[in-house]
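Down below is the structure, laid out as structure tokens.
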Amino acid sequence: MKIAIKRILQAILLGGVLLLSLGAYAQGPSLAVLYPDVREPYRSIFQSILDGIKDAANGKVRSFPLRKNDDPDMLNSWIAKNKPEVVISLGSLAKEFLPYLSPERKVVSGAALFSNSDIEQGMIGISLSPSPQKLFVKLKKLAPEVRRISVVYHPDSNGWLIDHAKQVAEEMGLVLAAMPAHGVREAARLYQQILAKQENGFDAIWLLQDDPTLDEIGLLPRLLSEAWNHEFIVFSSNPSHVKRGALFSLFPDNAQMGKSLARKAGLLAKGQSKNVEPLKDLLIAVNIRTADHLTLKISRAEQRDFDLIFPSK
Numbered sequence: 015m016k017i018a019i020k021r022i023l024q025a026i027l028l029g030g031v032l033l034l035s036l037g038a039y040a041q042g043p044s045l046a047v048l049y050p051d052v053r054e055p056y057r058s059i060f061q062s063i064l065d066g067i068k069d070a071a072n073g074k075v076r077s078f079p080l081r082k083n084d085d086p087d088m089l090n091s092w093i094a095k096n097k098p099e100v101v102i103s104l105g106s107l108a109k110e111f112l113p114y115l116s117p118e119r120k121v122v123s124g125a126a127l128f129s130n131s132d133i134e135q136g137m138i139g140i141s142l143s144p145s146p147q148k149l150f151v152k153l154k155k156l157a158p159e160v161r162r163i164s165v166v167y168h169p170d171s172n173g174w175l176i177d178h179a180k181q182v183a184e185e186m187g188l189v190l191a192a193m194p195a196h197g198v199r200e201a202a203r204l205y206q207q208i209l210a211k212q213e214n215g216f217d218a219i220w221l222l223q224d225d226p227t228l229d230e231i232g233l234l235p236r237l238l239s240e241a242w243n244h245e246f247i248v249f250s251s252n253p254s255h256v257k258r259g260a261l262f263s264l265f266p267d268n269a270q271m272g273k274s275l276a277r278k279a280g281l282l283a284k285g286q287s288k289n290v291e292p293l294k295d296l297l298i299a300v301n302i303r304t305a306d307h308l309t310l311k312i313s314r315a316e317q318r319d320f321d322l323i324f325p326s327k
């Protein structure tokens, strides 16, 4: 009897040690999240990303709301006090503060766009630019006959993204006609060339998000008007273009993006993450009126999978 009780106690003790060991193993890195102190509706966006980070992080998470005129020394003091293993920076404002941090700090950036220069400087993070693979898969689902995708881009702003998109297109059996431009006037000329060569149903034009070559006031309305009149497919990385007539766009799922940033921070803490990647946590916006005009068949069941539908009912 005494031997049995002794064995039970030993098993309980061993189990406790094992649980403590597993708990220590599962513990994630401590994180410091820098995000802009902004008004609604942007405040809710960053809060949703922050909630996602907290949901996915297994370690301690501290957050610091940044203002444009904050003292970098104050920020560095706060970081030194909290001793995070990884800093997560959210938004373009937080990116501006990163040069003031110690070079030894491990940083993951998100909720911002990245340029070639950012990547060459060794930034690590998840861009707001939607994954080309996700975009092209959705394009093929909505318009299966498409074979060629044309895109105009600024090489300094989106060259890295286009290099990635070329690989994706080749793997999917698509032709990506990527045309670099250094200004709006050059881009306008290239778009005219693209429109002149479009073949209905087999060609599509991809508009990038915040690319400096795309004039939203003058060029975009003319481009969408030409596409409507001649029944060309235009899709975009910017959901605001869908409201104006583009067929579809993918846009961030903020909470899921936060979870991905937390996971990337966990990998960086282990020395396993060293790149910038396009965003894969995405929702879809579709213009049903444009789809009908292009005679693309979208069932009511398929419409239930869309997160935003234009025109709004």
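The sequence shown begins at 15 in this note's numbering and counts up one residue at a time. Glycine included, C-beta positions come from ideal geometry on N, C-alpha and C. This one's a predicted model, so the numbers in the text were calculated from it and none came from an experiment.
- Between the alpha carbons of residue 262 and residue 211 lies a distance of about 22 Å.
- Looking at the DSSP output, residue 124 bridges to 104.
- Every alpha helix (DSSP H) stretch that sits fully inside the region 151-190 and reaches 4 residues is listed by chain position as 169-185.
- Taking each of 73, 158, 248 and 134 in turn and checking the Cα distance to residue 170, the smallest one comes out for 134.
- Non-local C-beta neighbours of residue 229 in its own chain, meaning closer than 7 Å and more than five positions away in sequence, comprise 198, ordered along the chain.
- In this structure, residue 167 keeps its C-beta atom at 8 Å or more from the C-beta atom of residue 191.
- Here DSSP, grouped into helix, strand and coil, assigns residue 138 to coil.
- Residues of the same chain with a CB within less than 8 Å of the CB of residue 270, apart from the 5 flanking positions on each side, are 66 and 295 in chain order.
- In the assembly as shown, residue 88 is an exposed residue. Its beta-carbon has fewer than 16 other beta-carbons within 10 Å.
- Across the structure, residue 75 and residue 83 are spaced so that their CA atoms are roughly 24 Å apart.
- The alpha helix (DSSP H) runs of length 4 or more contained entirely in the region 181-268 are, from start to end of the chain, 198-211, 233-244 and 253-257.
- Excluding residues up to 5 positions away in sequence, 127, 128, 172, 175, 222, 223, 251, 292 and 293 lie with their Cβ nearer than 8 Å to the Cβ of residue 143 in the same chain.
- Minimum Cα-Cα distance from residue 43 among the listed residues 113, 51, 49 and 122 corresponds to 122.
- Under DSSP, residue 89 forms no beta bridge with any residue.
- For residue 62, there is no enclosing beta strand (DSSP E); the residue is part of the alpha helix (DSSP H) that begins and ends at 56-70.
- For residue 290 against residue 59, the beta-carbon gap comes to about 20 Å, at or over 8 Å, which does not count as contact.
- In terms of Cα proximity to residue 96, the closest of 106, 78 and 112 is 78.
- Burial is judged here by how many other beta carbons sit within 10 angstroms of a residue's own beta carbon; residue 249 has at least 16 and is buried.
- As the crow flies, the alpha-carbon of residue 99 is around 11 Å from that of residue 47.
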